[in-house]
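First up is the structure itself, then whatever we jot down about it.
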Amino acid sequence: LFSLVLRFLQKSLLDIQEENRQNHGNRLVQTQLMHDLLIAIKVSMMLVQKLQENIQGSLWKCQESFVWQSMCSLLKSSTDFLMDATLLQTVQTTSGLAVILFIKAMYEPVEELPSLVSDLLLGSMEHASVPAWFARNCGALCMGELPGSSLLFLCHGALAMLEWKNGSMGENGEKLLLDIVSVLLSLSSELKESSMATSLSRILAVWTSSAIAALASGSPALKIKLNGNSDIIGKLLEYIYTHWEHPLDAVRHQTKLIFKNLLQIHRATVAGSSEKSDPFFARLVKHLLSLEWHVKGKYASLGCLVDCVGTENILQLDRTIPIQILDVMNDQSLAPYASDLLETMFTNHRAHFTLSFQESTWIDKWHDIWVSPLVVILCEGNHDQTTYIIDYYLPKLLRCSPDSLTYMIRILQASADANLGSRCTRGALGALMACLRTARAHGHLELSNMMSSGLISTECIKQGLVHQHNQVCIDALGLLCETHRSTEIVSMEEMQLTQFFMMYNLSSQSPSVRQQICSLLRKLFCRIQESSQVLYKLEQNKTQQDLLESSTERHHSGILQQYKDFMSSVCDRLFEALFPGSSHPTRFSALSILGSIAEIFYIPKGQAQVFQLDQEIDSARVQTLIQCFASTFEEVKVLAFGLLMKLRDVAFNLQDSKTLALLFQAAMDLSTSTKPYDCVTASYLLNFLVHHKELQRICLGKWVEHSPQMDESTSVCPVEKNTLTVIKLLLVSVEEEILQAEKSLLQAAASFPMYGRVHCITGALQQLTFNNLTLVAEWKEMVARLVLMSYKLSAVVSPVVQSSSPEGLIPMDSDSESASRLQMILHEIQPQDTNDYFTQAKILKEHCKVESEKLTDHRPMESICREMRGKERQTCDVTAQMVLVCCWRSMKEVSLLLGTLCKLLPSQAACEPSEGLITVQQVKNIGDYFKHHLLQSRHRGAFELAYAGFVQLTGMLSRCSSESLCKMPERWLRSVLEEIKSCDPSSTLCATRRSAGIPFYIQ
-7 LFSLVLRFLQ KSLLDIQEEN RQNHGNRLVQ TQLMHDLLIA IKVSMMLVQK LQENIQGSLW
53 KCQESFVWQS MCSLLKSSTD FLMDATLLQT VQTTSGLAVI LFIKAMYEPV EELPSLVSDL
113 LLGSMEHASV PAWFARNCGA LCMGELPGSS LLFLCHGALA MLEWKNGSMG ENGEKLLLDI
173 VSVLLSLSSE LKESSMATSL SRILAVWTSS AIAALASGSP ALKIKLNGNS DIIGKLLEYI
233 YTHWEHPLDA VRHQTKLIFK NLLQIHRATV AGSSEKSDPF FARLVKHLLS LEWHVKGKYA
293 SLGCLVDCVG TENILQLDRT IPIQILDVMN DQSLAPYASD LLETMFTNHR AHFTLSFQES
353 TWIDKWHDIW VSPLVVILCE GNHDQTTYII DYYLPKLLRC SPDSLTYMIR ILQASADANL
413 GSRCTRGALG ALMACLRTAR AHGHLELSNM MSSGLISTEC IKQGLVHQHN QVCIDALGLL
473 CETHRSTEIV SMEEMQLTQF FMMYNLSSQS PSVRQQICSL LRKLFCRIQE SSQVLYKLEQ
533 NKTQQDLLES STERHHSGIL QQYKDFMSSV CDRLFEALFP GSSHPTRFSA LSILGSIAEI
593 FYIPKGQAQV FQLDQEIDSA RVQTLIQCFA STFEEVKVLA FGLLMKLRDV AFNLQDSKTL
653 ALLFQAAMDL STSTKPYDCV TASYLLNFLV HHKELQRICL GKWVEHSPQM DESTSVCPVE
713 KNTLTVIKLL LVSVEEEILQ AEKSLLQAAA SFPMYGRVHC ITGALQQLTF NNLTLVAEWK
773 EMVARLVLMS YKLSAVVSPV VQSSSPEGLI PMDSDSESAS RLQMILHEIQ PQDTNDYFTQ
833 AKILKEHCKV ESEKLTDHRP MESICREMRG KERQTCDVTA QMVLVCCWRS MKEVSLLLGT
893 LCKLLPSQAA CEPSEGLITV QQVKNIGDYF KHHLLQSRHR GAFELAYAGF VQLTGMLSRC
953 SSESLCKMPE RWLRSVLEEI KSCDPSSTLC ATRRSAGIPF YIQ
């Protein structure tokens, strides 16, 4: 059976080798062949190892036997693979293992095997001295100097496949061990490629492990040659110093392992003598301490030496080492290395003191060395240094010595009153908060016990909560919110202190501080929610006897009531912070925290909940949230909208029909405001109102006629129905405004800038899911009208946007002199327009009717428009800048709308034209629109506006299953490249001095 399997493997290896040769250059096929080849080599090695174990004697070594012939063929194939540099490195590595294994199985006498391998590695093999079968099958290994990679993998094979324990190979084995390390060290200066360097470091680490095994039963001569003072160890140390900061993590890790094993090798050579006074170790320690602390390899090497000589012996050389290492920790790249070394040293030092002293008097000395420097730096160190020490070093110190926390608290509290810190330093109070927070987060502190025992006072924590250093405030809050158990009961003191914190810190000007506050409070709320669920389960599991015999029920219900009262007071404080005119930081913090509360205390059906945000909402608070839409900060609008959507059922129930109608009217008015941020407010307001089930009856019925199909269908989702109607209303309005803008862009910019309506349409489309629409026919019609409207609006504003320099600052034209200058500037850009705005400078004032009259003494034409507002007459100058803003924003919104249409409807567009909401022809027309603006615009800003929508279009096309649409970008690209190559004088491609749309288009 062995014979048959070996012959099969022999044939498989030859076939794979031939197939790989035939498929040279076909990477995909060759990769699969490499995988097959690797498996075949591994299986052959496994079988040969089993063969050695199960067949006694050497009868099978007869050269006429099938087994022998198969073994020779496997050896030859493995040699070929080892020498073939075109194969994957894993295949070569495994082949090196296989070659040594097969030689070991076949070569006799066994005692001469180490000498044979040494001759192979050193290149001193003589053909006359080897058997014929070896020369025939391994001839490539005997032909002078081997390639570096083959030599490396042969060394690996020798280390892995030969027996190094128990001295079974005798003196020849010891010589081979020394020859291998000599070869590896010589290769280290040749093999610089990353994968080879990694393999070399790994094989050197294997050698050190083999050397440790060999020394256990090695001869005195071997111990002398591997002593720390020997040349071999010296060269290995040079390799370590050269590679301990290698760019590759794997090399650095193996270098550390090599150094650690070198120390073990030396210990094995000097067994019985005092290690702590050993000259080799002493010399190494002094050398490492003489290096600069920015050398990263120094830390791991010193950590290894601590296990050999002990921390105390190292500190005798320099007592300031802990302080030096802590000073290095202001560099984040060095902080992890420094903290690991400190942990190794103080752990070893603590163990040394524990064994050396029977009493606990040593703890003060240990604190002076390892804890006191930490406390000083936490008080006075810079922000980065203290942060990295708290993150990397302090948790390890507390894990080693939890009792040291009490020592730190006493020291810091004693100086807290005198050293409160500043905006730049934490001071003793800040250091105390940091230590307490870290200790509690890692389970070393019970806050309630500390406060009840008087070790930590409430006033001290309050001082931290309102400290002028932001990080001290965050640490104090973290002390209250963070704990290692998510179901730990929140005490009354913690809730009161949290309320105290919220009174003063919601208006922080630092975004990072606000985010940390929201994150920490979220942890506290999660703790309240999870601990309350535990209390509810305990209540359910109690028996009637328990209820009669104990006061546990009252205790649990009391805690739950405290939770409810606390959360209610928190919500009161947050809604108070949203008063009209409150600052952006305050609103951001309050809305973020309210959003977390609404999310965390969501009520699944059938589950008891300690708090419900719905119950805290009234009509006034709904109005407060809606007023947040008027903020000029987008993130406030987003947070307010998200919170209202979570509370929409309650919010709508609290609003009467009159209020809803006023809100809808306000949204429609804001959508045509001349202030750009007003249209964003309108979009959020409309997106909120479309979720009201009765919006059709209350508001929309006054604006748009009902569709019979929409009225009759009861299965239509109210959101879909409302969204469609709102978009229809906005579309009708913008279509009318486009007609007026065609007559006068000036009047459009002053009274009804169109971009606001388009922005609201885009926002409505983006929040609607198009996967399960009911009113498909209506949506098809709507999409077609939206596309057509976009083209018309673009045609109206593009003359301004595509003019040569519309972005230049145009003087205010509120007087005749500046109007004269304006006339000269406008004369230069002169796009085609149906009105005379660009041929004559104007002064426009708001009114429902535009009257023109000539100014006296030949001044430019003046257009006057007045609007009556109550009893007062208010005038507003309209400049060319306002027209430019109107046109540019309109072009931007058109681009985003077209891109949104394509982005929202990829699956429908991938279907047949008759089934989708948008047809193939419409998509092609949209692509042609973007192509026109990207390739023919003269100004960078113009095609940047189109670029955003074009990216959305091409993204949809690339995912589309329709072949005609999927290949459309490819056709566009070929077309523009051919036009660039043609150098046709009639080409409409445009290149400006700053750039052009062509790079955007191709990108």
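Position 399, counted from 1, in the sequence shown is what this note's numbering calls 391; the numbers after and before it change by one each time, with no gaps. Virtual Cβ for every residue (Gly too), placed ideally from N, Cα, C.
query: My guess is that T605 and I589 are in contact by the Cβ rule of under 8 angstroms, so how many angstroms apart are they, rounded?
result: In the sequence as displayed, the identity of residue 605 is Leu instead of Thr. Correct: roughly 6 angstroms between the Cβ atoms.
query: Within this structure, are the beta carbons of C996 and T339 separated by less than 8 angstroms?
result: In the structure as shown, the chain starts at -7 and stops at 995, and residue 996 therefore has no counterpart that could be examined.
query: Would you call the CB atoms of L390 and H436 closer than 8 angstroms?
result: yes
message: Using a Cβ-Cβ cutoff of less than 6 angstroms, which residues in the same chain neighbour S407 once the five nearest sequence positions on both sides are dropped?
response: A420
field: Spatial neighbours of K227 in its chain, beta-carbon cut-off 6 angstroms, leaving aside the 5 residues before and after
entry: L177
- request: Report the rounded CA-to-CA distance for N219 versus V243, giving the unit in angstroms.
  value: 24 angstroms
message: My assumption, with CB atoms under 8 angstroms, is that Q145 sits in contact with L74. Please give the rounded CB distance.
response: Note that residue 145 is Phe in the sequence shown, not Gln. With a Cβ gap of about 6 angstroms, F145 and L74 count as contacting.
Same chain, Cβ closer than 7 angstroms to A423, neighbours up to 5 away in sequence not counted: V367, L370, C371, L404
- prompt: Roughly how many angstroms separate the alpha carbons of C510 and L889, rounded to a whole number?
  reply: 35 angstroms
query: Do S581 and R506 have their CB atoms nearer than 8 angstroms?
result: yes
query: Where does P139 land, buried or exposed, given buried means 16+ other C-beta within 10 angstroms?
result: Its Cβ having fewer than 16 others within 10 Å, P139 is exposed.
- prompt: Under three-state DSSP, which class holds Q553?
  reply: helix
query: Thinking C-alpha only, which one of E608, V708, E237 is nearest S325?
result: E237
- request: Identify whether T848 lies in helix, strand or coil by the three-state DSSP scheme.
  value: Confidence is the limiting factor: at T848 the pLDDT is only 34, short of 50, which leaves the residue's position unreliable, though a coordinate-based value still follows. Three-state result, T848: coil.
message: Distance check for T946 and K916, CA to CA, integer angstroms please.
response: 11 angstroms
Under the three-state DSSP convention, the category V998 falls into: Not covered by the structure: residue 998. The range shown for the chain is -7 to 995.
- request: Compute the Euclidean distance between the alpha carbons of P106 and A203, then round it to the nearest angstrom.
  value: 15 angstroms
task: Go through its chain and collect everything with a Cβ distance to V35's Cβ below 7 angstroms, but skip five positions before and after it.
output: L1
- prompt: What are the boundary residues of the alpha helix (DSSP H) that includes L146?
  reply: Counting along the chain, the unbroken alpha helix (DSSP H) around L146 starts and ends at 140 to 153.
- request: Give the straight-line distance between the Cα atoms of V630 and N679, rounded to the nearest whole angstrom.
  value: 11 angstroms
message: When you compare the region 338 to 357 with the region 290 to 309, are there three or more beta-carbon pairs, one atom per stretch, that lie closer than 8 angstroms?
response: yes
task: Rank V482, L646, E626 by C-alpha distance to the C-alpha of S611 and give the top, closest one.
output: L646
- prompt: Skipping 5 residues on each side, what residues in its chain have a beta carbon closer than 7 angstroms to that of I382?
  reply: A426, T430
message: Are the CB atoms of E163 and S211 within a distance shorter than 8 angstroms?
response: yes
- prompt: Going straight from the alpha carbon of D28 to that of E100, what length do you get?
  reply: Each residue's Cα considered, the two are about 32 angstroms apart.
- prompt: What residues in its chain sit with their C-beta under 8 angstroms from that of H850, if we drop five residues either side in the sequence?
  reply: Confidence at H850 is low in this model, with a pLDDT of 36, below 50, so its placement is unreliable and the value that follows should be read with caution. Close CB contacts of H850 within its chain, under the 8 angstroms cut and outside five residues either way in sequence, are absent.
field: Reduced DSSP secondary structure (H/G/I, E/B, other) of D323
entry: coil
query: Counting Cβ pairs closer than 8 angstroms, one from the region 705 to 723 and one from the region 636 to 644, do we hit at least three?
result: no
- request: Using the Cα positions of I33 and Q759, report the straight-line distance between them to the nearest angstrom.
  value: 58 angstroms
- request: Please go through the region 590 to 620 and give each complete alpha helix (DSSP H) segment of 4 or more residues, from N-terminal end onward.
  value: 611 to 619
field: R9 versus V91: straight-line alpha-carbon distance, rounded
entry: The amino acid occupying residue 9 in the given sequence is Gln; Arg does not appear at that position. Distance between the alpha carbons of Q9 and V91: 17 angstroms.
S478 versus R514: straight-line alpha-carbon distance, rounded: 12 angstroms
- prompt: Given L80, which residues of its chain have a CB within under 6 angstroms of its CB, disregarding the five upstream and five downstream residues?
  reply: M26
task: Tell me, please, whether the CB atom of D171 is closer than 8 angstroms to any CB atom in chain B?
output: Checking the listed chains, one finds no chain B in this structure; it contains a single protein chain.
- prompt: Between the C-alpha atoms of G587 and T450, what's the straight-line distance to the nearest angstrom?
  reply: A straight-line Cα-Cα distance of about 29 angstroms links G587 and T450.
- prompt: Which class does H1008 belong to by DSSP, given the choice of helix, strand or coil?
  reply: This structure leaves residue 1008 out entirely; the chain is present only between -7 and 995.
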